[in-house]
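For reference, the structure is listed below as structure tokens.
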Amino acid sequence: MNRKKLQKLTDSLTKNCKHFSKFEVKCLINLFYNLVGEVTERQGVIIGLDRNAFRNILHMTFGMTDDMIMDRVFRGFDKDNDGCISVIEWVYGLSVFLRGTLEEKMKYCFEVFDLNGDSFISKEEMFHMLKNSLLKQPSEEDPDEGIKDLVEITLKKMDHDHDGKLSFADYEQAVREETLLLEAFGPCLPDPKSQKEFEAQVFKDPNEFSEV
Amino acid sequence: MGVALTRSAQWTAAGHGAKTLEVTPLNEAIVKEIIMFVESFIYKYPQEANYVFVEPLEWKTNLDPSAFGSGYAVSGTTVKSEEVDKNGEPLLYLSVPQIKIRSFGQLSRMLYIAKNMKLKEAQACIEANRNPVAKILGLDYNIINEKNGSSLVSSILDKITKDNDSENEIKMKIALQLKQLDLHLLNHSLKHISLEIRLNPGTVKNDIELLKQFSGKGEQTVLESIEYTSDYEFSNGCRAPPWRQIKGEICYVLVKPHDAETLCVTCSKEGVFLNGGKTDDEGQINYERKGEIYKDLVTLLKEKSAIFSENMSKQEIKFSEQPQKDQPNEAPKEEVAITHKTSITSRKSTQEKNRINLGRSQLTKRLEPSLNWRTSVSSKESRNTLRDTQVEKHGGRLEKSRSSLSPGRAQLIRKSVEKIEEIVSDSSSESEEDEEQPDHRQEANADLPSEYWQIQKLVKYLKGGNQTATVIALCSMKDFNLAQETCQLAIRDVGGLEVLINLLETDEVKCKIGSLKILKEISHNPQIRRNIVDLGGLPVMVNILDSPHKSLKCLAAETIANVAKFRRARRVVRRHGGITKLVALLDCGKHSAEPAQSSLYETRDVEVARCGALALWSCSKSYANKEAIRKAGGIPLLARLLKTSHENMLIPVVGTLQECASEENYRAAIKAERIIENLVKNLNSENEQLQEHCAMAIYQCAEDEETRDLVRLHGGLKPLASLLNNTDNKERLAAVTGAIWKCSISKENVTKFREYKAIETLVGLLTDQPEEVLVNVVGALGECCQEHENRVIIRKCGGIQPLVNLLVGINQALLVNVTKAVGACAREPESMMIIDHLDGVRLLWSLLKNPHPDVKASAAWALCPCIQNAKDAGEMVRSFVGGLELVVNLLKSDNKEVLASVCAVITNIAKDQENLAVITDHGVVPLLSKLANTNNDKLRRHLAETISRCCMWGRNRVAFGEHKAVAPLVRYLKSNDTNVHRATAQALYQLSEDADNCITMHENGAVKLLLDMVGSPDEELQEAAAGCISNIRRLALAIEKARYS
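Protein chains in written order, with the UniProt record's numbering: chain A, 1 to 212; chain B, 1 to 1045.
Right, here's the structure in full:
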């Protein structure tokens, strides 16, 4: 990509993305191209991170382990649903992922948890997401029993309109009461430690800094 | 053999010399087995029978030498066997009553000779030789016995290969034989124990009741009659007299079978046996056992009576249907009773239990449970769901135990539902104890609130969940009413505290936050606090104070604030460096440039500081922590936080300061950090708690004069005075009055208070206030009364009466202050009249009997102005019966302040000649003289004044000289205190009227000291010193004159 185009991209992204400085956007763009590798740009071929590459980043850099959640995070980033995260999606995504306000994060997390995208987190979805959250105890006849119970507990806690599923309003209210519930059904945001490491690593170049 | 003897055989308790074997069926069986072994030894192993023991077996025998026949050389009381060892020593040597035997052959023969005394001889032998194996084979073989099977064989083989001579081979064979015997005995005793059903009063009673139902006249009955010998039943269910109960006997029964004479039967724990029967005359029972021991009554009777046995089997058929009908409703009830019973029995030594189990498993192979049994039990199983699983689980064991019963018992039991139940429970008794426990607990806890179970479930998820599940469980747990004790204790009781504290040690920020949020709430409970400390929660929380996440820091600090409410916890916090970290939390604002981070884990810096202050406040209640806070540089930080305007922040900050201000160096630092200004400012706050803590802090700090001035200069007196008008909040009132008290020690402050009309308000607070308030109010009035104007104000607003009324209290601090205030008031003759009228002097006088020296001294000081200003004081003092004696006796006190005050009182009393005479009679002179050797200037001064006053009577001057009071008084002149000088000079002047005293003074160098005093600007001192010198000089002149004339 030529210098001019890069400059333009940086400027427009910086303008639209409040959480990053110009320098940071630049760093992220650089990182993106580093990750994608040297692919010659051609018309019609989208340059971006595919699902596996992205999941690899989530796993290696942010220590995520849950396949399903990682998949959902990928979908969260991939706004245009083309199976590939473009540089724009990358910067926007990371803006929420790393620096989002509570509102942005709530929206993002809800999207991640709403597996079928029907704007509700249903019991089934919860069950699916919490499936592996309890250690199997050999004494129990039905290992799913605990999960079901856990789903009930969550519903009791979060389902304010008692319709047996979580709407965004339910979720928002619950999270505002107790921020810990933001990632109620699995970690889909970076933990503070890996976030700090990531930022420190990506935004460090002092030479670039002097330029800004 | 060794093992069996030590473990299985029932030895009597040690303590009475040699242990003996108890007479029990088990021991009897063991001994019989041993006899069988020894008797057959000579036939089975003729070669080994000749083996000579390493040491002879030796015991006291009852055998008569004459019983020995061929093969023995009998001479009088000694018997020698003709069989000898290599050295020609006989293998059997009897010298009545000692017998020594050295081979199995001889042992066998001896037993043969003993005939029916075998048992006794064998027993005596075993008792006398507690370790027969060692004696037979030598000590090293005994060691083998301790080892287990495989190593035994190998070690034996080792030995065989090593020393390959024939004797050793024999030894080995014997060792193996003995080992086998040992195993055999153990097995045998197990069988025996398993067969032995320990009867208890309940079962015996049941048996007898049951039999009673089937007895009476007629062919069909099993017995003619069965009855107890005694109608009295002890509370433990036994009917045997207590001294027999000790032997395990439960009751005695007279049984009349159809076909035999009346049997007198003893039922004991060990079993049932025939006793000696009733002795005719007194109805006494011959308790001696006369027959075999049976498992139970039925077995015994079957043995003794054929008709019983026959009819029993008939009854069996008849009643076998009955239980089928009865069972359903009876079963559950029985269940409860039985489980209870079994839990008792199961508590018996586990060793015993194990043996029983073993024994049973062996028996299973031989005894087959009857079909009847199966059906009854299985029908029971199907009905009883609760027990279902247990019965299934232990089905195997159930069968074993069933079969362990003797057939006789089983037959009877088959007829009765109760019995069936009992057996079932018997079987479960050993193994199910553990499983029973949670059951029991559930039953016992059945009335627990539903929260308990819900919390238990949540804790389960906390334990077994990943991060996500844990957070959900934590959030859900937080929704319980954690302020409620039920929930707090429930979390603890289901092991939640451990988990919560464990979570703090993980890396999961969210889990830590969730856990701390719960801990913060439940740690309001004192029990939980202690549990948290016991579980080592504090060090973990202290570590979290270093966390980069502010909300974590806050929560940890808040939790520490709650937990550190008791001393041990505060110490733990300090020991783990918590104070330094908490002080560091106060240091907010420095990093204000920090970027606004994501909201999830962050809060404002101010909040962090607030939580830090909160924790420090709790911690500051320990002295060492105050010091640690100061050393960590906490005071400047607290001072800075004090400048903020957040009440939430100010309260813990001021609270900490107030707590710490009890220390001198804190007060200095508080002054230096200009904290007073802010404290005063916050007195004007709206928040009552804040006002209270500020006033309290001022109260603590105002001990210092400069601080008092600062309070005035910053305008703190006015808000204090105005706060007096609000009397609803007693804590605050106490703090405010305290601050006023301390501030009014400075005269300028008192003037201000008078301006603000605080004195009138204080007088108004003398009634209907709690003691904490009263102490301070009276203390403040006491200070105000030092000025004439204020005394007038107090009198005018009627303050004297309530003050005098307070003299009857018991609060020590209050009494000290009240006496001081009353004494100050008494300086006004007008007020004194009121006090006298109210009988205040008498009340003060009786306070001289108060146990607290402070009260005594204060009362005595108060009495001085009373006596001075009372009209007709002498008469008044005399009117107190025993009052003068009481005062004089107080001179025996150890407390310098009491002594000084009493001296002052005596000085005033002695102004009245008549009273002076009385106290002289009470021996005031020797008592005062004894006090003379003191370094305390206050005491010296008042003592000297008293002495000078007391010299005015009779020959007291001479008496002081005789009691050696003069020389010490002279030394008082070397003191630095002019008051002491004046009083002493006056005393010496009085004493110098006596010639001997003059000599003493002269000898002690008084003249030179007094000459200096003459130059003093104090006229009284000048005069007294001069007078004294003149007296001394006059004496000298007189002597000179006498010498030359």
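For every residue, glycine included, the Cβ atom is placed at its ideal position computed from N, Cα and C.
Partner residues on chain A for residue i, Cβ-Cβ distance less than 7 Å
{"i": "Q467 of chain B", "result": "P187"}
{"i": "G514 of chain B", "result": "L180"}
{"i": "S450 of chain B", "result": "Residues of chain A passing the Cβ test: none, with the nearest at roughly 14 Å."}
{"i": "D479 of chain B", "result": "K157"}
Proximity to residue i [Cα-Cα], best of the options
{"i": "L586 of chain B", "options": "B:R570, B:R630 and B:H576", "result": "B:R630"}
{"i": "D159 of chain A", "options": "A:K26, A:T65, A:D144 and A:V175", "result": "A:V175"}
{"i": "E705 of chain B", "options": "B:D996, B:I676 and B:E261", "result": "B:I676"}
{"i": "M1001 of chain B", "options": "B:R1033, B:A124, B:A128 and B:Q868", "result": "B:R1033"}
{"i": "I179 of chain A", "options": "A:M64, A:I121, A:T61 and A:C109", "result": "It should be noted that the sequence gives Thr, not Ile, for residue 179 of chain A. Out of A:M64, A:I121, A:T61 and A:C109, A:C109 has the C-alpha closest to the C-alpha of T179 of chain A."}
{"i": "T761 of chain B", "options": "B:V459, B:I919, B:V777 and B:A564", "result": "B:V777"}
{"i": "G71 of chain B", "options": "B:L91, B:T61 and B:I42", "result": "B:L91"}
{"i": "C784 of chain B", "options": "B:N956, B:A758 and B:Y699", "result": "B:A758"}
{"i": "L545 of chain B", "options": "B:K512, B:N908 and B:S744", "result": "B:K512"}
{"i": "V87 of chain A", "options": "A:F127, A:D66 and A:D50", "result": "A:D50"}
{"i": "A702 of chain B", "options": "B:L724, B:A668, B:V887 and B:A490", "result": "B:A668"}
{"i": "P65 of chain B", "options": "B:A1042, B:L555, B:Y93 and B:V38", "result": "B:Y93"}
{"i": "E753 of chain B", "options": "B:K671, B:T78 and B:G716", "result": "The residue asked about is misnamed: residue 753 of chain B is Phe in this sequence, not Glu. The shortest C-alpha separation from F753 of chain B is found at B:G716."}
{"i": "N27 of chain B", "options": "B:L186, B:V74, B:N62 and B:L139", "result": "B:L186"}
{"i": "A1006 of chain B", "options": "B:E1020, B:D1018, B:S1016 and B:Y989", "result": "B:Y989"}
{"i": "residue 1074 of chain B", "options": "B:N466, B:V459, B:G464 and B:A483", "result": "Lying outside 1 to 1045, the shown extent of chain B, residue 1074 of chain B is not represented and no answer is given."}
Where residue i falls, given that 16 or more other Cβ within 10 Å makes a residue buried
{"i": "H646 of chain B", "result": "exposed"}
{"i": "Q691 of chain B", "result": "buried"}
{"i": "Q351 of chain B", "result": "Any answer about Q351 of chain B is weak, because its pLDDT of 44 lies below 50 and its placement is not dependable; what the coordinates show is given next. So Q351 of chain B ends up on the exposed side."}
{"i": "E432 of chain B", "result": "With a pLDDT of 32 at E432 of chain B, under the threshold of 50, the modelled position of that residue is not reliable, and the figure given next carries that caveat. By the 10 Å Cβ count, E432 of chain B comes out buried."}
{"i": "K115 of chain B", "result": "exposed"}
{"i": "G83 of chain A", "result": "exposed"}
{"i": "T299 of chain B", "result": "buried"}
{"i": "R575 of chain B", "result": "exposed"}
{"i": "E24 of chain A", "result": "buried"}
{"i": "W90 of chain A", "result": "buried"}
{"i": "I246 of chain B", "result": "exposed"}
{"i": "R674 of chain B", "result": "exposed"}
{"i": "K79 of chain A", "result": "exposed"}
{"i": "Q467 of chain B", "result": "buried"}
{"i": "N148 of chain B", "result": "With a pLDDT of only 48 at N148 of chain B, under the threshold of 50, the placement of this residue in the model should not be trusted; the figure read from the coordinates follows. Under this definition N148 of chain B is an exposed residue."}
Per-residue contacts from residue i into chain B (C-beta, under 9 Å)
{"i": "D149 of chain A", "result": "K457 and Y461"}
{"i": "D114 of chain A", "result": "Simply none; closest approach about 16 Å."}
{"i": "I191 of chain A", "result": "Per the sequence shown, the amino acid found at residue 191 of chain A is Asp instead of Ile. In chain order: D507, E508, V509 and K510."}
{"i": "A184 of chain A", "result": "T468, V471, I472 and C475"}
Boundaries (first-last residue) of the alpha helix (DSSP H) holding residue i
{"i": "C264 of chain B", "result": "That residue, C264 of chain B, is in no alpha helix (DSSP H); its beta strand (DSSP E) goes L263 to S268."}
{"i": "N275 of chain B", "result": "Per DSSP, N275 of chain B belongs to no alpha helix (DSSP H); it is in the beta strand (DSSP E), G271 to K278."}
Residues that residue i contacts on chain B, provided the C-beta gap is smaller than 7 Å
{"i": "S133 of chain A", "result": "G465, N466, T468 and A469"}
{"i": "L130 of chain A", "result": "T468 and A469"}
Host beta strand (DSSP E) of residue i (start-end)
{"i": "residue 1046 of chain B", "result": "The structure shown does not extend to residue 1046 of chain B, since chain B is modelled only from 1 to 1045, so the question has no answer here."}
{"i": "V255 of chain B", "result": "E249 to K256"}
{"i": "F120 of chain A", "result": "F120 to S122"}
{"i": "T78 of chain B", "result": "T78 to S81"}
{"i": "E505 of chain B", "result": "Careful: E505 of chain B lies outside any beta strand (DSSP E) and carries neither H nor E."}
{"i": "Y756 of chain B", "result": "Premise fails: Y756 of chain B is in no beta strand (DSSP E) and is neither H nor E."}
Listed by chain order, chain A residues near residue i by CB distance under 9 Å
{"i": "H549 of chain B", "result": "P192"}
Neighbour list for residue i in chain B, Cβ cutoff strictly below 8 Å
{"i": "L166 of chain A", "result": "Near L166 of chain A there are no residues of chain B at all, since even the closest Cβ is about 13 Å away, more than 8 Å."}
{"i": "T14 of chain A", "result": "The contacting residues do not exist; T14 of chain A stays about 17 Å from chain B at best."}
Does the count of Cβ pairs from the region 945-959 of chain B and the region 978-988 of chain B closer than 8 Å reach three?
yes
Counting Cβ pairs, one atom from each stretch, are 3 or more of them under 8 Å apart for the region 522-537 of chain B and the region 574-586 of chain B?
No, because fewer than three Cβ pairs between the region 522-537 of chain B and the region 574-586 of chain B fall closer than 8 Å, the two stretches do not touch.
At least three beta-carbon pairs within less than 8 Å, the region 143-151 of chain A to the region 480-497 of chain B
no
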